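Structure first, commentary second.
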Amino acid sequence: MKQSQLFTKTKKESPADEISKNAELLIKGGFIHKEMAGVYAFLPLGLRVIEKIKTIIREEMNAVGGQEVYMTTLQPRDIWEKTDRWDDKKVDNWFKTKLKNGEEVGVGLTHEEPIVDALGGYVSSYRDLPVSIYQIQNKFRNELRAKSGILRGREFMMKDMYSFARTEEEHLKIYEEVAQAYHRVYRRLGIGHITYRTYADGGIFTKKFSDEFQTISGVGEDTIYVDEEKNIAVNKEIYTDENLAKLGLDKAKLVEKRAIEVGNIFPLESKYTDALGVYYTDEHGEKKSIISGCYGIGVSRTMGVLAEIFSDDNGLMWPESVAPFHVHLLVLGDKEEPQKAADKLYADLVKKGIEVLFDDRTGVSAGEKFADADLLGMPYRVVVSERSLKDGGYEVKKRTEEKGKIVTEDELLKLLKAKS
RNA sequence: CGGGGCGUAGUAUAUCGGUAGUAUAUCUGUUUUGGGAACAGAAGGGCCGAGUUCGAUUCUCGGCGCCCCGACCA
């Protein structure tokens, strides 16, 4: 894409009403637009990051048999009453609104009820199970306090999957497969090495532990205790001698860290399926409960976490897997020769299927283009200028490195691992 | 929801009970182009409401909004 066509612009000043690094950088770079507290819109560059994160998640969910759906935001009251989650005293962060006839409807904050209810129309035999259903969609939660930019909003994007199994054993197998898929997602996002599967409280519906995926970061809201050898952690909320013994963890080996929850999976047993009257009939004609699990990843939050982790004083440093563009191509000076060379290189790279943001703006100083490239944080910066041409080609520099080098077009293509 | 802070131009800030200033962004022109260029010109501002006052952006009260700490976070 040509930067001259991009409607967003970078800002020199940091927003006065945002302290958190993710919001500061993403707003300065024009990735997101703040609508109100805890509610952010995604602009072209930000949306590209979101879509890449979604693609990674989608691929991994599909790989463990997930079937994608898109449930509704508006929710009927009755199914939530069946599970006793409609009452504001039971669930205090509902957004609710009314139809013209006065009937109350909910604005979706999670989707166990509608998914289970819909499933009931199709699943009734042991032959129909197991199934896993997921969606990537916005959730609405009326938080008392939104904070930390896109890390904790009132409207946010989430991947939520729900699994349905015939037996506890079958459920556990799926549960573990999804947990492994989560590890793969975080690895692909570049945070695998600092993201731990963390035992946490299972919530009010199960006595079992839930598993959070916690990424080590100072912006985290949670304190966890990490066993580096076993590559797992325990949330402070269940950090008792009794629980540690149950989990077979040695207190002496645990290290306290701040972390942010980027995913959460937990067993639901048959709480929702039973409450909504969704059962299956087994081989012997016997009616049985369906064992389910739910699996969430905050997509928009994850983008914020990546912005927090992959950034320096000059701006963002997107991992290649989620960067809006692979290459930021800069042309310096308004002279004809570099302009022509840059136009050609841009066309060639695009032809090779490389995603390029081309800073073709005229009348913009070199310093400003460099500053923008650092702020926007594409993995590779390629400069075309009189000087680079004189030196024999183009200067390529990784965002994470200090110095670049001059390469020819062929060398550049090889470096970018172009598929021809 | 408890506590604290803040609200001035698109953005970021300053001053002041009496003509609201600067930077940046924007527009025009000339020059410039390897780390946020220079000069000249233009346009643009006091969250809402009430009160005090000759006069309020400034003081008081209320509302709304935003940030931070805490609580909350199935």
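In terms of this note's numbering, the first sequence opens at residue 1053 and continues consecutively. Just so it is clear, CB atoms sit at the ideal spot from N, CA and C, and this is done for glycine as well. Keep in mind that this is a model prediction, so the values were computed, not measured.
### Query
Can you pull the DSSP bridge partners for Pro1096?
Pro1096 pairs with nothing; no bridge assigned.
### Task
Please classify Ser1056: is it buried, with 16 or more other beta-carbons within 10 angstroms of its beta-carbon, or exposed?
exposed
### Message
On a Cα-Cα basis, can you pick out the residue from Val1237, Leu1299, Glu1289, Glu1294 that is closest to Asp1279?
### Response
Leu1299
### Query
What's the gap between the Cα of Lys1064 and the Cα of Val1230?
43 Å
### Query
CA-CA distance, Lys1086 and Ala1093?
6 Å
### Task
Using 10 angstroms around the beta-carbon of Glu1308, count the other beta-carbons present and answer buried if the total reaches 16, otherwise exposed.
Exposed is the call here.
### Query
Does the stretch 1370–1383 come within contact of the stretch 1202–1210, defined as at least 3 CB pairs closer than 8 Å?
Not touching, per the Cβ criterion.
#### Entry: Exposure of Phe1083, with buried meaning 16 or more beta-carbon neighbours within 10 Å
buried
### Query
Quick one: what's got a C-beta closer than 7 Å to Val1091's C-beta in the same chain, skipping five residues either side?
Counting only Cβ-Cβ distances below 7 Å, and skipping sequence neighbours, we find Gly1205, Arg1206, Glu1207.
### Query
Contact check, Leu1397 vs Tyr1446 under 8 Å by CB: the rounded distance?
7 Å
### Query
Over what stretch of residues does the beta strand (DSSP E) that includes Arg1193 continue unbroken?
Run containing Arg1193: none; DSSP gives neither H nor E here.
### Bridge-paired residues (DSSP) for Ser1177
Thr1333
### Task
Just tell me which of Phe1362, Cys1346, Ala1418 has its CA closest to the CA of Met1113.
Cys1346
### Query
For the alpha helix (DSSP H) that Glu1463 lies in, which residues bound it at each end?
1461–1467
### Task
Taking Gly1172 as the reference, give the member of Arg1413, Tyr1332, Gly1315, Asp1293 with the closest Cα.
Tyr1332
### Backbone secondary structure at Leu1368 - three-state DSSP
strand
### Query
From Ala1115 to Asn1153, what does the alpha carbon distance come to, in whole angstroms?
Cα-Cα distance, rounded: 44 Å.
### Alpha-carbon to alpha-carbon, Val1330 and Leu1151
Looking at the two C-alpha atoms, the distance is approximately 28 Å.
### Exposure of Ile1071, with buried meaning 16 or more beta-carbon neighbours within 10 Å
exposed
### Message
If you reduce the DSSP assignment to three classes, tell me which class Ala1375 lands in.
### Response
coil
#### Entry: Minimum C-alpha distance to Ile1406 - residue among Tyr1291, Leu1428, Asp1364, Leu1467
Residue nearest to Ile1406 within the set Tyr1291, Leu1428, Asp1364, Leu1467 is Leu1467 (criterion: CA-CA distance).
### Task
Could you pull out every residue in the same chain whose Cβ sits closer than 7 Å to the Cβ of Ile1361, ignoring the five residues on either side in sequence?
Within the same chain, and ignoring the five residues on either side of Ile1361 in sequence, the residues whose Cβ sits closer than 7 Å to its Cβ are Ile1243, Ser1269.
### Message
Looking only at its chain, what residues have a beta carbon closer than 7 Å to the beta carbon of Glu1372, apart from the 5 residues adjacent to it on each side?
### Response
His1378, Pro1431
### Message
For Leu1097 and Leu1241, which I take to be in contact (beta-carbon distance under 8 Å), what is that distance rounded to the nearest angstrom?
### Response
Not quite, the Cβ-Cβ distance comes to about 17 Å (not below 8 Å), so this is no contact.
### Task
Answer yes or no: do Arg1413 and Ala1425 have a C-beta to C-beta separation smaller than 7 Å?
Taking 7 Å as the Cβ cut-off, Arg1413 and Ala1425 do not qualify as a contacting pair.
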